[in-house]
Amino acid sequence: MAKLNKIIISFFIFLFVISCSNGNKKEEGISIFINTGPEPNTIDPSINVTSDAVFYLTHTFEGLVEKDDNGKLIPGVAESWEVSDDGLIYTFKLRTNAKWTDGKIVTANDFVYSWQRVVDPATGSQYGYQHEPVKNAKAITAGNMPKESLGVKAIDDFTLEVQLEAPAAYFLELLSFPTFYPLRKDIIEKYGDQWTLNAESYIGNGAFKLVERKQR
């Protein structure tokens with residue numbers, strides 16, 4: 026039998042359930058175990074191209090917007106946003122209580138870093154084209170402009186401004202894709218390509234935290 030290399034990633038969620046029949050009764054420390062199938066090639070939001078890894082990404086990261094069970098866009102890290110009259114400028118106000126799993130605050134610069142990383146040819150993201158509505162993204166992925174010229178900037182820690190090449194009614198829909206998730210510059214610069222391989226370096230901002238990763 027061929028050897029199968031699998032990654033077992035354990036997610037632990039602590040649920041506090043109050044019984045209707047007993048107002049003070051709680052159940053704590055409930056563990057949910059899910060068989061997610063074979064090992065994905067990567068769980069890096071900027072690089073992943075497979076549906077297998079999307080399960081991990083959508084549970085360990087949160088973008089500016091999310092989709093509910095009915096596919097409707099809802100606020101994520103962005104609690105609100107405004108679009109200019111000409112449809113070219115999107116201004117997102119971020120939640121001040123959005124945190125990474127190590128307790129640090131999620132800031133607008135985390136999105137700037139992540140988006141610039143995706144369009145940087147050196148990253149080799151196959152989904153970099155998803156950013157093409159953003160100003161200069163296409164020229165950057167073609168190697169004709171520096172990544173810093175991407176039309177995204179942090180006005181302050183909790184305000185992100187995005188400039189588009191042209192009005193794009195579908196732009197908000199794109200923001201729910203993993204390539205638009207925020208990333209930690211300090212973590213990736215410290216661990217390099219190995220940042221996704223260990224729980225201590227795989228820092229996300231989603232509802233679940235990676236606590237252990239084993240290869241078999």
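For the sequence shown, this note's numbering assigns the number 26 to the initial residue and increments by one for each residue that follows. C-beta: ideal position from N, C-alpha, C; glycine also. Since the structure is predicted, the reported quantities are computational estimates derived from the model, not experimental observations.
Counting only the same chain and skipping the five closest in sequence on each side, list residues whose C-beta sits under 7 Å from that of Val74.
Along the sequence shown, read from residue 1 onward, the residue named residue 74 stands at position 49. Answer for Val74: Gln151, Tyr152, listed in chain order.
Exposure label - Gly231; buried when at least 16 CB within 10 Å
Residue numbering aside, residue 231 sits at position 206 when the sequence shown is read from its first letter. Per the 10 Å Cβ criterion, buried.
Taking contact to mean at least 3 C-beta pairs separated by less than 8 Å, is the region 88-97 in contact with the region 161-180?
no
When DSSP labels each residue in this structure, what does Val108 get in the three-state scheme?
Position 83 of the sequence shown, counted from the first residue, corresponds to residue 108. Of the three classes helix, strand and coil, the one that applies to Val108 here is strand, per DSSP.
How about the region 100-107 and the region 116-123: do they share at least three Cβ pairs that are nearer than 8 Å?
yes
Is the closest heavy atom of the ligand ADP to the C-beta of Ile180 under 7 Å?
The ligand ADP is absent from the structure shown, which contains no ligands of any kind.
With Phe205 as the anchor, note down where its beta strand (DSSP E) starts and where it stops.
Position 180 of the sequence shown, counted from the start, is the residue given in the question as residue 205. Phe205 -> no beta strand (DSSP E), and no H or E assigned at all.
Find the nearest neighbour of Ala179 within the set Val90, Tyr81, Thr116, judged by alpha-carbon distance.
Translated into the one-based positions of the sequence shown, residue 179 becomes position 154. Measuring from the Cα of Ala179, the nearest candidate turns out to be Thr116.
Delimiting residues of the alpha helix (DSSP H) encompassing Gly116:
Residue 116 sits at position 91 when you count from the first residue of the sequence shown. The sequence as given places Thr at residue 116; Gly does not occur at that position. Careful: Thr116 lies outside any alpha helix (DSSP H), inside the beta strand (DSSP E) at 114-119.
With a threshold of 16 other CB atoms inside 10 Å of the CB of Val236, please say whether the residue is buried or exposed.
Indexing the sequence shown from 1 puts residue 236 at position 211. So Val236 counts as exposed.
Confirm, please, whether the CB-CB distance from Phe196 to Leu189 is below 8 Å.
By one-based count along the sequence shown, residue 189 stands at place 164. By one-based count along the sequence shown, residue 196 stands at place 171. A contact, by the Cβ cut-off of 8 Å.
Would you please state the rounded distance, in angstroms, between the beta carbons of Phe233 and His84? I believe it to be under 8 Å.
Position 208 of the sequence shown, counted from the start, is the residue given in the question as residue 233. Position 59 of the sequence shown, counted from the start, is the residue given in the question as residue 84. 4 Å between Cβ atoms; contact.
Compute the Euclidean distance between the alpha carbons of Ser139 and Ile213, then round it to the nearest angstrom.
For the purposes of this step, residue 139 is taken as residue 114 along the sequence shown, with counting starting at 1. For the purposes of this step, residue 213 is taken as residue 188 along the sequence shown, with counting starting at 1. Cα-Cα distance, rounded: 10 Å.
Between the C-alpha atoms of Asn223 and Pro207, what's the straight-line distance to the nearest angstrom?
Mapped onto the sequence shown, residue 223 falls at position 198. Mapped onto the sequence shown, residue 207 falls at position 182. Approximately 19 Å, taken between the alpha carbons.
In the DSSP assignment, find the unbroken alpha helix (DSSP H) run with Thr83 in it and report its ends.
The count along the sequence shown starts at 1 and reaches residue 83 at position 58. Its alpha helix (DSSP H) spans residues 76-85.
Three-state secondary structure (DSSP) at Asn49?
The sequence position of residue 49 within the sequence shown is 24, counting from 1. Because Asn49 carries a pLDDT of 44, less than 50, the predicted location of this residue cannot be relied on, and no value is offered for it.
Count the other C-beta atoms from every protein chain shown that fall within 10 angstroms of the C-beta of Asp218, then say buried if there are 16 or more, exposed otherwise.
For the purposes of this step, residue 218 is identified with residue 193 of the sequence shown, where counting begins at 1. Exposed: under 16 other Cβ atoms inside 10 Å.
Suppose the cutoff is 6 Å on Cβ atoms and the five residues either side in sequence are ignored; what does the same chain contact list for Phe205 look like?
Start at 1 with the first residue of the sequence shown, and residue 205 comes out as number 180. So the qualifying residues of the chain are Gly88.
Reference Ile228; option with closest CA among Pro146, Asn134, Lys129
For the purposes of this step, residue 228 is taken as the residue at position 203 of the sequence shown. Residue Lys129 is the option with its Cα nearest to Ile228.
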